[in-house]
Every structure is written in structure tokens, then in C-alpha cells.
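Residue numbers (my numbering): 6 to 160.
What follows is one structure encoded as C-alpha cells, with my remarks underneath.
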Amino acid sequence: MPPQETPRRANGSTTTRPQAPATRNSWRSSASSSSDAGSGLLRTYCGVAETIGKKRTMEDRSHCCRLGDGTIYAGVFDGHSGALAAEHASASLHSHLSGYTGATKDRFEAAFARCEAEILGLGVRDGTTACTAIVDAASAELHVANLGDSRAVLG
């Protein structure tokens, strides 16, 4: 069956979700793209493909968007013992990054700390790892931060 297009999100991205097979190893994919951030040095795209392994449910989450300063944010969250922490981190970490200024390392540390405090405050008992990146197309810089056992591999 052909993919089904869902409506545009507030940030202008779209999600394409093929109908999942009737097996436990169902999959879903989504993609969004953005144009040059003004300089024409680097065009950025973001896409995601997910698959469920031996577990019955998908505990992983991801998010890609343009931040208020024009940078592109991408995050992958590996849920542990449930999806609630990964869901919260996916939905909120990018907005925490937008809320801070200063050195990128400090932005990441403050955003991770705030997100963790929110998750603990909600009484969520499961956890998540995180692998996040900010791409600054204007300066052609890539900043990557991870938490837990998730890592980014550049090739």
C-alpha cells in the first residue's frame, strides 16, 4: 500500500507513515526537510526509520525541527522499561535548547538537566538515553551531545 501523508505540523514538517505490516516487527518512518539557513553553505535534511525488534512495543522516540535561532535539531531517545521518559524528552528537549543562550555545551547541559527534572517530577519510573545534534547551516558546524549508552557515528 502507498504511504499515507498526515497533515503538516506547526513547524512545517510532514510525516509519512506507511501502514505497518501485521507482524510484531512493524516499522514506521518519518521525514522532514528544511532549506538553507541563509548562507547557502549547507542544506540539511532529517529523516527517521524505526523498527521493533523482539519487544512488543516501540519505546524509542525521535524528533527533528528548526530551532528559533535557525539551527536544525535532531534527537533520538531510546526508552528503557517504557516509553514515557523517551516521549517526554522527544517532546520537550528541543524547546529547552531554544530557551537557553550561550555556549552550545552549556545549552545542552541545561536542557538535559531541565528535562530530567521534569521527568522525575512527573513520577515517571522508566528512563531514556539520548543522542542529539544541532546543525548550524550558517557556520557549517555540527554539535552532538549524548546521554547514556546512545552514540552518534559520523561516516
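Note that the Cβ used here is the ideal one computed from N, Cα and C, for glycine as well.
{"Query": "Paired residues, beta bridge with C136 - DSSP", "Result": "V81 and N151"}
{"Query": "Element boundaries [alpha helix (DSSP H), containing T109]", "Result": "T109 to G126"}
{"Query": "Beta bridge counterpart(s) of H68 as assigned by DSSP", "Result": "G80"}
{"Query": "Classification of D83 by the beta-carbon crowding that lies within 10 angstroms, buried from 16 upward", "Result": "buried"}
{"Query": "Check whether I139 and T106 have beta carbons under 9 Å apart", "Result": "no"}
{"Query": "Close-in-space but distant-in-sequence residues of the same chain around H148 (CB under 6 Å, 5 per side omitted)", "Result": "T109 and I139"}
{"Query": "Buried or exposed by the 16-neighbour rule on C-beta atoms within 10 Å, applied to A88", "Result": "buried"}
{"Query": "Separation of L102 from N151, as counted between CA atoms", "Result": "14 Å"}
{"Query": "Proximal residues to C120 (C-beta, below 8 Å), its chain only, five neighbours per side dropped", "Result": "H93, A94, S97, L98 and H101"}
{"Query": "Residues that E146 bridges to, as DSSP identifies them", "Result": "D141"}
{"Query": "Per-residue burial, G160 [other beta carbons within 10 Å of its own, 16 or more giving buried]", "Result": "exposed"}
{"Query": "Distance between S67 and G52 (C-alpha atoms, nearest Å)", "Result": "10 Å"}
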